[in-house]
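> Just passing along the structure, written as structure tokens.
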Amino acid sequence: MDALKVAIIGLDTSHSVAFSKLMNDPTCAPDLKVSGLRAVSCLRFETPFQDAKGLDARQQQLEGWGVKVTTCLDEALADCDAIMMEINDPAYHLDYFKRLAALGKPIFLDKPLAGTLEDGRAIIAEMKRCGTRVWSASSLPFAPGIQAALDAVGGSVSIGHCFGALGTAPAGDSLIWYGVHSFEMLQRLMGCGARSLRAVDLGPAVVTTVDYGDGRYGVIESIRNQWKYGGRVQNSKQVAFFDVDSSRIYHDLLLQIKAFFLGAEPPISMEKTFEGLAMMCAARKSIERDGTEEPVEKL
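Under the numbering used here, think of the first position of the sequence shown as 92, with each following residue one higher.
Structure below.
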């Protein structure tokens, strides 16, 4: 079977390069190469996250792997079977999703879903209106270490603890832009159903405690100036720790994307992704209100 042709929308993120390498680069390590997908085009445009000089450097890399880079959306979409929305600045997500949703092609929308709850709701409403097959997530929920920890405690978790990086966004809310990784890790441990949370910004880190309303709780440490991810899962009888091997996270995510493009159900529902966004928005509100308990809004 011929490889599925993938259009990449956005070049302001290193993910556009990382995924293209895994699909197209003949020198990619065999254990990381993802066959059956081929990036054929990429739409470039400037955002606060990347200027023209940075885009030029990334374009050169992609063109070396046979990807056509263009500034015309119609040209980027002309010969594709599936779409990867790789736009670093979440403020652009709603606008571009509206342009893509009615095309009848499966879409992967890279993290975060949106920059605001309002935009997140609007994206899901447009998805339903157009009948679009789409899902959205970061790479961290698919790290094998997380599944191994869950298996070690028999899948029953009463306490989940995650830590991860908190980068600084050139525009918008850094907690939503980069905190999404550790928040979605907690979702992988605990599932849906977060009721309320409290968050405080301690300077070196934002610490969030999440109440699930049934005796379970989670803790998220979003840490500045460090780039490690890990945590623990615990129940009344067992505890297991995990860390994340960052060398394979894009490969593992791309395998999930490939399966979805080939017709599989999305591994994460848009409702679950929205709850993750709602958790981050509630955390921001709690920080602004000196650590008050805030409800996690529902879709």
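Glycine included, every Cβ here is placed at the ideal spot set by N, Cα and C.
Using the rule of at least 16 other Cβ atoms within 10 Å of the residue's Cβ for burial, across every protein chain shown, is E177 buried or exposed?
Along the sequence shown, read from residue 1 onward, the residue named residue 177 stands at position 86. It counts as buried.
> For G211, which residues in the same chain have their Cβ closer than 7 Å to its Cβ, ignoring the five residues on either side in sequence?
Position 120 of the sequence shown, counted from the first residue, corresponds to residue 211. Taken in chain order, the residues that qualify are L204, A205, F365, L368.
> Is E388 helix, strand or coil when you go by DSSP?
Here the question's residue 388 lines up with position 297 in the sequence shown. Reduced to three states, the DSSP call for E388 is coil.
> If I measure Cβ to Cβ from I288 and keep anything under 8 Å in the same chain, skipping five residues before and after, which residues do I get?
As a first step, residue 288 is located in the sequence shown; it is residue number 197 there, counting from the start. It should be noted that the sequence gives Leu, not Ile, for residue 288. Counting only Cβ-Cβ distances below 8 Å, and skipping sequence neighbours, we find T299, T300, V301, D302, M370, A373, A374, S377, E384, E385, V387.
> Which value, in whole angstroms, describes the spacing of the CA atoms of L345 and A228?
The count along the sequence shown starts at 1 and reaches residue 345 at position 254. The count along the sequence shown starts at 1 and reaches residue 228 at position 137. So the alpha carbons of these two residues sit roughly 11 Å apart.
> What are the boundary residues of the beta strand (DSSP E) that includes R289?
On the sequence shown, residue 289 is found 198 positions in, with the first residue counted as 1. Residues 287-292.
> P197 to A169, Cα distance in whole Å?
Counting from 1 along the sequence shown, the entry for residue 197 is found at position 106. Counting from 1 along the sequence shown, the entry for residue 169 is found at position 78. Cα-Cα distance, rounded: 15 Å.
> Hey, D172 and K124 are a contact pair by Cβ (cut 8 Å); roughly how many whole angstroms apart?
Counting from one through the sequence shown, the residue named residue 172 turns up at place 81. Counting from one through the sequence shown, the residue named residue 124 turns up at place 33. Going by Cβ atoms, the distance from D172 to K124 rounds to 19 Å, so no, they are not a contact pair.
> Report yes or no: do three or more beta-carbon pairs, one from the stretch 183-203 and one from the stretch 212-223, lie closer than 8 Å?
Enough Cβ pairs lie closer than 8 Å, so yes.
> Within 10 angstroms of its Cβ, does F332 collect 16 or more other Cβ (buried), or is it exposed?
Taking the sequence shown and counting its residues from 1, the one referred to as residue 332 is at position 241. Classification of F332: exposed, given that the 10 Å Cβ count is below 16.
> Suppose you measure from the CA of S249 to the CA of Y308; what does that come to, to the nearest Å?
In the sequence shown, residue 249 corresponds to position 158, counting from 1. In the sequence shown, residue 308 corresponds to position 217, counting from 1. The alpha-carbon atoms of S249 and Y308 are separated by roughly 7 Å.
> Check each candidate in R315, I215, V330, Y320 and name the one with the smallest Cα separation from A296.
As a position in the sequence shown, residue 296 is number 205, starting the count at 1. Closest option to A296, Cα to Cα, is R315.
> Can you tell me where the alpha helix (DSSP H) holding T300 begins and where it ends?
The sequence position of residue 300 within the sequence shown is 209, counting from 1. No alpha helix (DSSP H) holds T300; the beta strand (DSSP E) holding it covers 296-302.
> What is the rounded straight-line gap between the Cα of V324 and the Cα of V160?
Indexing the sequence shown from 1 puts residue 324 at position 233. Indexing the sequence shown from 1 puts residue 160 at position 69. For V324 and V160, the distance between alpha carbons rounds to 43 Å.
> List the endpoints of the continuous beta strand (DSSP E) containing K96.
As a working note, residue 96 is residue 5 in the sequence shown. Looking at the DSSP string, the run of the beta strand (DSSP E) that includes K96 is 95-100.
> Run through DSSP, which three-state label would S227 get?
Within the sequence shown, numbered from 1, the residue matching residue 227 stands at position 136. S227: strand per DSSP, three-state reduction.
> Based on Cα-Cα distance, which residue from D180, G258, D242, L134 lies nearest to S273?
Here residue 273 refers to the residue found at position 182 of the sequence shown. Of the listed residues, the one whose Cα sits closest to S273 is G258.
> Which one of V271, L102, V244, A239 has the shortest CA to CA distance from L153?
The residue labelled residue 153 in the question sits at position 62 within the sequence shown. L153 has its Cα closest to that of L102, out of V271, L102, V244, A239.
> Going along the chain, which residues of its own chain have a beta-carbon closer than 6 Å to the beta-carbon of L277, five neighbours each way excluded?
Working through the sequence shown from its first residue, we reach residue 277 at position 186. Counting only Cβ-Cβ distances below 6 Å, and skipping sequence neighbours, we find G251, C253, G309, I311.
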